[in-house]
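Quick note on numbering: UniProt numbering labels position 109 of the sequence shown as 109, and the sequence is numbered without any gaps. The beta-carbon is built from N, C-alpha and C at its ideal position, and this holds for glycine as well.
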Amino acid sequence: MAEKYDSEKALDFETSKQELYDKSQRRAWGVAITMTFVTCLLAIAIIVLVPLKTVVPYMTMVDKNGRVEIISTVTTEKLSKQEALDKYFAKVYVQTREQYFYDMLQKDYIETQIFSSENVAADYRKIFSGDDSRDKELKDDVEISVNVNSVVLSESAGTKIATVRAKLSSKNLTTNTELIRSYKVFTFSYDYYPDLKQNAKERLVNPLGYKVLTYRIDDEVN
Numbered sequence: 001m002a003e004k005y006d007s008e009k010a011l012d013f014e015t016s017k018q019e020l021y022d023k024s025q026r027r028a029w030g031v032a033i034t035m036t037f038v039t040c041l042l043a044i045a046i047i048v049l050v051p052l053k054t055v056v057p058y059m060t061m062v063d064k065n066g067r068v069e070i071i072s073t074v075t076t077e078k079l080s081k082q083e084a085l086d087k088y089f090a091k092v093y094v095q096t097r098e099q100y101f102y103d104m105l106q107k108d109y110i111e112t113q114i115f116s117s118e119n120v121a122a123d124y125r126k127i128f129s130g131d132d133s134r135d136k137e138l139k140d141d142v143e144i145s146v147n148v149n150s151v152v153l154s155e156s157a158g159t160k161i162a163t164v165r166a167k168l169s170s171k172n173l174t175t176n177t178e179l180i181r182s183y184k185v186f187t188f189s190y191d192y193y194p195d196l197k198q199n200a201k202e203r204l205v206n207p208l209g210y211k212v213l214t215y216r217i218d219d220e221v222n
């Protein structure tokens with residue numbers, strides 16, 4: 001005999017299935033919303049933290065034996081206005097003194113002496129004196145350009161020291177060929193004399209009274 005169909009039980013069973021389905025859906029939506037919220041928090045954290053990540057560059061020096069020495073980190077905060085000024089004048093001095101462009105020779109000759117102490121200026125003038133002077137030897141046939149590679153500042157017993165490394169390239173203008181390429185290290189002491197007596201033209205060139213006190217040239221050792 002066939003069992004009599006119970007419509008109430010069937011209805012209860014369908015209701016239970018629907019409730020389970022609804023609970024499952026609510027749970028799934030809850031998990032999805034939670035994950036979305038967590039993802040948003042992570043994204044916000046990354047956006048906030050990325051600007052705090054900085055790459056710190058280092059200034060290094062390689063000695064003649066090939067050893068690398070970390071001198072200091074190079075950051076905007078560490079490069080003071082005074083350091084920037086010192087490096088600027090050191091670069092300008094070496095370029096003005098060591099370059100040779102015939103049309104600019106008189107200007108460079110005068111300005112080098114304005115930036116030099118009397119002893120250094122006297123040694124510099126010897127380069128342009130006598131029959132074998134630089135201008136008589138090179139004339140307007142050769143030019144020498146100076147490309148400064150680095151400027152390192154230091155102190156020795158309270159005396160300011162600048163070490164400038166540069167590449168010097170000489171070129172024959174007649175044949176348009178490079179003659180000599182050399183690498184030099186220029187080491188010199190310097191200071192500022194803002195109260196130095198200067199005429200109007202000298203003051204325009206050297207308003208802060210920058211003076212090179214000693215000057216030495218060495219070959220770069222690879």
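From the DSSP output, in three-state form, read off Tyr-215 for me. The answer is strand: DSSP assigns Tyr-215 an E or B state.
Measuring CA to CA, which of Ala-162, Val-120, Lys-136 is closest to Val-148? Out of Ala-162, Val-120, Lys-136, Ala-162 has the C-alpha closest to the C-alpha of Val-148.
Ser-182 versus Thr-175, Leu-168, Tyr-192, residue with shortest Cα-Cα distance: With distances taken between Cα atoms, Ser-182 lies closest to Leu-168.
For Leu-213 and Ser-117, believed in contact at Cβ under 8 angstroms, the rounded distance: Yes, Ser-117 and Leu-213 are in contact; Cβ-Cβ is about 5 angstroms, under 8 angstroms.
Alpha-carbon spacing of Asp-195 relative to Gly-209, whole angstroms: About 7 angstroms.
Contacts around Glu-98, its chain only, beta-carbon distance under 6 angstroms, and the 5 residues preceding and following it disregarded: Val-146.
I'd like the list of long-range same chain contacts for Tyr-215, defined as Cβ closer than 6 angstroms, with 5 residues on each side in sequence excluded. Val-120, Phe-188.
Close beta carbons around Phe-128, own chain, < 7 angstroms, minus the five adjacent residues each side: Only Tyr-109, Arg-134, Asp-135 meet the Cβ criterion.
Hey, could you find the ends of the alpha helix (DSSP H) Phe-89 is sitting in? That run of the alpha helix (DSSP H) goes 81-98.
On the CB-based measure, 16 or more other CB atoms within 10 Å of its CB, does Val-68 come out buried or exposed? With a pLDDT of 48 at Val-68, under the threshold of 50, the modelled position of this residue cannot be trusted, and the question is left open.
Thinking just about the alpha-carbon of each residue, which of Leu-179, Asp-86, Glu-178 is nearest to the one in Lys-211? If we check each option's Cα against that of Lys-211, Asp-86 comes out closest.
Is Ile-127 helix, strand or coil by DSSP? Looking at Ile-127 - three-state DSSP - the assignment turns out to be coil, as it is neither helix nor strand.
Buried versus exposed call for Tyr-193 [16 or more other C-beta atoms within 10 Å across all chains shown]: By the 10 Å Cβ count, Tyr-193 comes out exposed.
Given this structure, state the Cα-to-Cα distance separating Thr-36 from Lys-91, to the nearest angstrom. Approximately 57 angstroms, taken between the alpha carbons.
Please state the DSSP three-state secondary structure of Asn-119. Here Asn-119 carries a helix assignment [DSSP, helix/strand/coil].
Looking at the unbroken beta strand (DSSP E) that takes in Glu-178, where does it start and where does it end? In the DSSP annotation of this structure, the continuous segment of the beta strand (DSSP E) that includes Glu-178 starts and ends at 177-192.
Per DSSP, the bridge partner or partners of Tyr-109: In the DSSP assignment, Tyr-109 forms no beta bridge with any residue.
Using three-state DSSP, classify Lys-201 as helix, strand or coil. Lys-201 falls in the helix class under three-state DSSP.
Can you give me the C-alpha to C-alpha distance between Phe-115 and Tyr-93, rounded to a whole angstrom? Those two C-alpha atoms are separated by around 7 angstroms.
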